[in-house]
Structure formats: structure tokens, C-alpha cells
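Chemist:
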Amino acid sequence: MSETGTASAPLRVVIADDQTLVRSGFRLILNEAGITVAAEAANGSEAVAAVLRHRPDVVLMDIRMPEMDGLEATRRILGSKPGCGCRIIILTTFDLDQYVYAALTAGASGFLLKDTSPEQLVAAVRTVRSGDALLAPSITRRLIERFAPHQPGQVISRTGLSDLTARELEVLRLLAQGLSNAELAAELTLSTATVKTHVASILAKLQLRDRVQAIVLAYQTGLTGPPPGSPAPGRS
Numbered sequence: 000m001s002e003t004g005t006a007s008a009p010l011r012v013v014i015a016d017d018q019t020l021v022r023s024g025f026r027l028i029l030n031e032a033g034i035t036v037a038a039e040a041a042n043g044s045e046a047v048a049a050v051l052r053h054r055p056d057v058v059l060m061d062i063r064m065p066e067m068d069g070l071e072a073t074r075r076i077l078g079s080k081p082g083c084g085c086r087i088i089i090l091t092t093f094d095l096d097q098y099v100y101a102a103l104t105a106g107a108s109g110f111l112l113k114d115t116s117p118e119q120l121v122a123a124v125r126t127v128r129s130g131d132a133l134l135a136p137s138i139t140r141r142l143i144e145r146f147a148p149h150q151p152g153q154v155i156s157r158t159g160l161s162d163l164t165a166r167e168l169e170v171l172r173l174l175a176q177g178l179s180n181a182e183l184a185a186e187l188t189l190s191t192a193t194v195k196t197h198v199a200s201i202l203a204k205l206q207l208r209d210r211v212q213a214i215v216l217a218y219q220t221g222l223t224g225p226p227p228g229s230p231a232p233g234r235s
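Taking numbering that gives the first Met the number 0, I'd label the letters of the sequence shown as residues 0 to 235.
This is the structure we're talking about:
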């Protein structure tokens, strides 16, 4: 669905958290902002079932829950046909968490600390629903530096970037630095529409869900500098 199409439709959310008070608080905040809470879930299994049943636009997903954690629930939701189109925001009490990193690489669109303000929560839901990223590049870098070296089998080769044009590589490199579309346009002397086209092409060619995954990929492949744990430049 296009951004234009989603922008005009009612925004629907599923809240998954094992704490009743957290769910109730988030529901109240979202309802007051005119955002519909389609369902609540107390664990990962309930979250998967709720998404498959209600097909929300956004899921607020606690990372640590009984029976099935938020990471496994994220994988199952995004791996299913009914759930592949929704955006998942990971909820955590820590801003550096190996499960958050794993969830981002699995396709989550970003994360929020549980003590976020009501305004930030509402803005976050609307941001990811439009297809934008919800993660500061500085935090992405910290997550990658801390956890990527300890994730066997997740090393991504630079050869995956070979399909990108020189301009698209430049856009991806700047995107990883945290530039918005408007800032990218100013930096590259392009129109915002052209920048959006480049970003869409990058995501399509690399089979990425959104800008968060693009940022993670840029760091993992060394596009923004040597990837964590890699040999120094000039060494084989």
C-alpha cells in the first residue's frame, strides 16, 4: 500500500506487553490521539494471533514476554503473509539490548524505551506507519558495535550492494548518517521527489523493509566505515 493510501486510512495498532498497566496506559494515549487499538496481547503467541486476525498497521511489541518473546513473535509476524505489511516497534527498558538488535535485523522498524512520553509514542506510531525509520543512527551504530561481532552467521557481504548505482550508494551512505529526505536533497542538490525515488529503489534492490534495515546494512557492510570486527583497510 502506498504512503498516500495509508495516510488517509484509520491507523490501527496492536499492543503486546505482559504488563496490564503498560497496555492500558498505551491504549489510553493512542485512543486520545485518535488511533485505534485493534487488540492487546499479553505474550508473543497472543501477539501473533492478534496480528493475523486484525492485520494492524503497527504493532507495539514488548521484547521480553512469557511463552513467546517479542523477537520470535516479530519473526513470525513479518514472515507471514497477513503480517508482512505491518510495522513493528520494539518496546524495551534498555537502549542497548541484544534482543533489540536481533529484532531490527529481523525486520522491526525501530524501538522505543518504555518511559517515552505520550507525544513521542504517538509520533513514533505515525512515523513508522508512513514507512520511515524510528531509530537514531547513533543508536544503530552503538547496537551494531556492541552486538554484531557476537552474531555468528549474520555477516553481510558488500557484494549485496553491487546492484546499486553510484548515486544510490551515495544516498545510502548519507542515509546511514541520519539525513532526512529533505537533508539528502539539499546535500545532493536533488529534489525531494528524486531522493524518495532513490531510497525506494535502494530498498527494493536490497530487499529491505525500511530505512532502519538500510542503516543497519550500511554499517554491517562497511559502507559507512570498517564493519565491526573487520580487518584494518589494506589487509586481506
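Note that CB positions come from ideal geometry on N, CA and C, so glycine has one too.
Values in this document were obtained by computation on a predicted structure and should not be read as measured data.
#1: Which residues mark the beginning and the end of the beta strand (DSSP E) in which T164 is found?
#2: DSSP three-state label for R63, please.
#3: Give a yes or no on contact between the segment 76-96 and the segment 179-189, applying the rule of three or more CB pairs nearer than 8 Å.
#4: Taking D61 as the reference, which of V211, A199, I87 has the closest Cα?
#5: I'd like to check one pair, R11 with H53: are the Cβ atoms closer than 8 Å?
#6: Per DSSP, which one or two residues make a beta bridge with G109?
#7: Roughly how far, in whole angstroms, is the beta-carbon of E167 from the beta-carbon of S200, given that I think they are within contact range, below 8 Å?
#8: Within 8 Å of any Cβ in chain B, is that where the Cβ of L160 sits?
#9: Which residue from T193, P55, A122, A101 puts its Cα closest to that of E31?
#10: Whole angstroms is fine: what's the gap from G152's alpha carbon to A165's?
#11: Could you check if E39 is buried or exposed, using at least 16 other CB atoms within 10 Å of its CB as the buried criterion?
#12: Look at R128 and V198 and say whether their C-beta atoms are less than 8 Å apart.
#13: Between which two residues does the alpha helix (DSSP H) harbouring T223 extend?
#14: Whole angstroms are fine: how far does the CA of A175 sit from the CA of A213?
#15: Inspect the beta-carbon positions of V13 and A46 and report whether they are closer than 8 Å.
#16: Looking only at its chain, what residues have a beta carbon closer than 6 Å to the beta carbon of A101, apart from the 5 residues adjacent to it on each side?
#17: For the alpha helix (DSSP H) holding R22, just list the boundary residues, first then last.
#18: Quick one: give me the first and last residue of the beta strand (DSSP E) that T35 is part of.
#19: Under the DSSP definition of a beta bridge, which residues are partnered with I214?
#20: Would you report the Cα separation of K204 and L160, rounded to the nearest angstrom?
#21: Could you have a look at A184 and say whether DSSP puts it in helix, strand or coil?
#22: Among S179, L173, I89, which one has its Cα closest to the Cα of K218?
#23: If you draw a straight line from the C-alpha of G84 to the C-alpha of L51, how long is it?
#24: When you compare only the Cα positions, how much space is there between T236 and G106?
Modeler: Working from what's here:
#1: Taken as a continuous stretch (DSSP letters only), T164 belongs to no beta strand (DSSP E), as it is neither H nor E.
#2: coil
#3: no
#4: I87
#5: yes
#6: I88, L133
#7: 6 Å
#8: In the structure shown, chain B cannot be found, because there is only a single protein chain.
#9: A122
#10: Note that G152 has pLDDT 48, beneath the 50 cutoff, so the model's placement of it is unreliable and the number below is only indicative. Looking at the two C-alpha atoms, the distance is approximately 28 Å.
#11: buried
#12: no
#13: Element bounds for T223: n/a, residue is neither H nor E.
#14: 7 Å
#15: yes
#16: L70
#17: 19-31
#18: 35-40
#19: For I214, which the question treats as bridged, DSSP gives no partner whatsoever.
#20: 9 Å
#21: helix
#22: A quick correction: the sequence has Tyr, not Lys, at residue 218. The residue with the shortest Cα to Cα distance from Y218 is L173.
#23: 11 Å
#24: A question about residue 236 goes unanswered here, because the residues of the chain that appear run from 0 up to 235.
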